[in-house]
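Here the structure comes first, spelled out in C-alpha cells, and everything after it is commentary.
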Amino acid sequence: MNFDGLFKNQKKVVKLFQNSLKKDRFVHTYLFEGVKGTSKLEAAYYFAAMMLCDGEKKPCLQCDNCKKVLKGMHPSVFLLTPDNGMIKKEQAEALQKEFSLTALAEGRRIYIIDEIDKANPSAANSLLKILEDLGSDNYVIMTTESIDSVISTIRSRAQIISFDRLPAETVAADLIARGFEEETARVFANLSNSAEEVTELLRDEKILPIFELAKKVGISCVNGDVAPLLTMFSEGDCLLREPDRKYHQLFMDLLVSLCNDKLYFVTDQIDRISYRSTMQIISEFMNKNQEKVIGELETILKFKQRLKYNVNLELMYAQMFVELKNIMKA
Ligand SMILES: [Zn+2]
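Numbers in this note's numbering are just positions in the sequence shown, counted from 1, shifted up by 54.
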C-alpha cells in the first residue's frame, strides 16, 4: 500500500487528520464516503499508521509500526472486506469475537470495515454492537461508495468524511499512462471516476465496438451522406443483437457525452471536449445552433429513460434517430 493517490487527490482529508492530531481530537467512528477510486481505504490505513506510529512526525512511514501498517500486517489493525460482494454474518461475528478478545489489551486498535453498505442486515447488527461498545483506545473506520445504502443506525454513529471525485483529467491521464488511446481514455474517464474501473470495463471485448458505433452514428448524424438510422442498422449488429441492457445504457451514455461535447463546441469550451478526434470531423458539418444541440441532447436523454422499460430496442433506436434527424433538419 502507498499513499500517493491520497496525498495527491485528497489533500483535504489528510489535512483534517493532521489537524485532529494537533488538537488530539479524534472521534472513534468514521465513515468515509466517496465514489470508487478516491483512496478511501488508503486513508483508513493512513489513519491507522498515524495512530500507531512511534515517530516524531506522525505517520513517519519509517518506524516499525508504520511499516507493518503499510504492509497490511500490523496486529492491531483489522480489516473486514466483503466476500463475494457481501459482508456476511459470519464475517461480522468473527470480527466481533476478535474485538472482544482484544478489547482489554493495551494499546490502540483500528478496525477497518470496507464497503459497509454491503453488510447484510444480520451482519450490520453484529457490527453495530462493536460500534456501541468501543473503548477509548479503539477506532472504527468504515468506507462506502454509496452513503444512502448505509443503514441509518450505523450512519448516525459515525463522523462522515466525504472524499472528492477525481478530476476527469486525472483519470484520463492515468488511463493514457496505462496504454489506452487518448480519445478512449478521455471519454471513459468522464463516464467513471476510476482508472481501474475503466480498465476492467474495457476488458469486456463488447465495449470498444459499441464505442466505435457511437462515433460512427454521431458522425452520420451530421454529415448527411448516410442517415444515422442506416448506420445503426448496417453496422450496429454488435449492439442490436445484445440482449443485456447494460450495453444499451452504455451506448446511450456515449451518445450523451458526444452531444455534450457538441455543446462545449458551440459554447466555446473546447478544452472540455473529450471526443477530440471525432469532434474534429463532426464540428465541420454540424449545425452550430445551440438550441438545436440542446434539443438533440434532450431527445437522447428522453430515449435513454425508456431503456428502463421493456421497450423494443430496434424500434426505439429507429424512433430516436428519426427524431434526431428532424431536429437537425428543422
Ligand atoms: Zn511511524
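Every residue gets a Cβ at the ideal spot worked out from N, C-alpha and C, and that includes glycine.
All values derive from a computational prediction rather than experimental measurement.
Asked	Found
Backbone CA spacing between S216 and E289 [nearest angstrom]	44 angstroms
Distance cut-off 7 angstroms: Q72 Cβ against heavy atoms of ligand 1	no
Under the three-state DSSP convention, the category V376 falls into	helix
Alpha carbon of T332 to alpha carbon of I273, nearest angstrom	8 angstroms
Helix, strand or coil at F86 [DSSP, three-state]	strand
Own chain, CB closer than 8 angstroms to S270, minus 5 neighbours either side, in chain order	For the sequence presented, residue 270 should be read as Lys rather than Ser. Once the five neighbours on either side are set aside, the close Cβ partners of K270 are T285 and E289.
Contact under 8 angstroms by Cβ, L229 with F242	yes
Shell residues, 7 angstroms Cβ cut-off relative to heavy atoms of ligand 1	A103, C107, D108, G109, K112, P113, C114, L115, Q116, C117, N119 and C120
Cβ-Cβ distance between V320 and V276 below 8 angstroms	no
Three CB pairs or more closer than 8 angstroms across the stretch 105 to 115 and the stretch 204 to 223	no
Nearest neighbour of V131, chosen from Y165, E144 and P113 [CA to CA]	Y165
Where the beta strand (DSSP E) through S216 begins and ends	Q213 to S216
Residues near L317 by beta carbon distance below 6 angstroms, same chain, minus five either side	V347
Counted within 10 angstroms of its Cβ, other Cβ atoms place R240 as buried (16 or more) or exposed	buried
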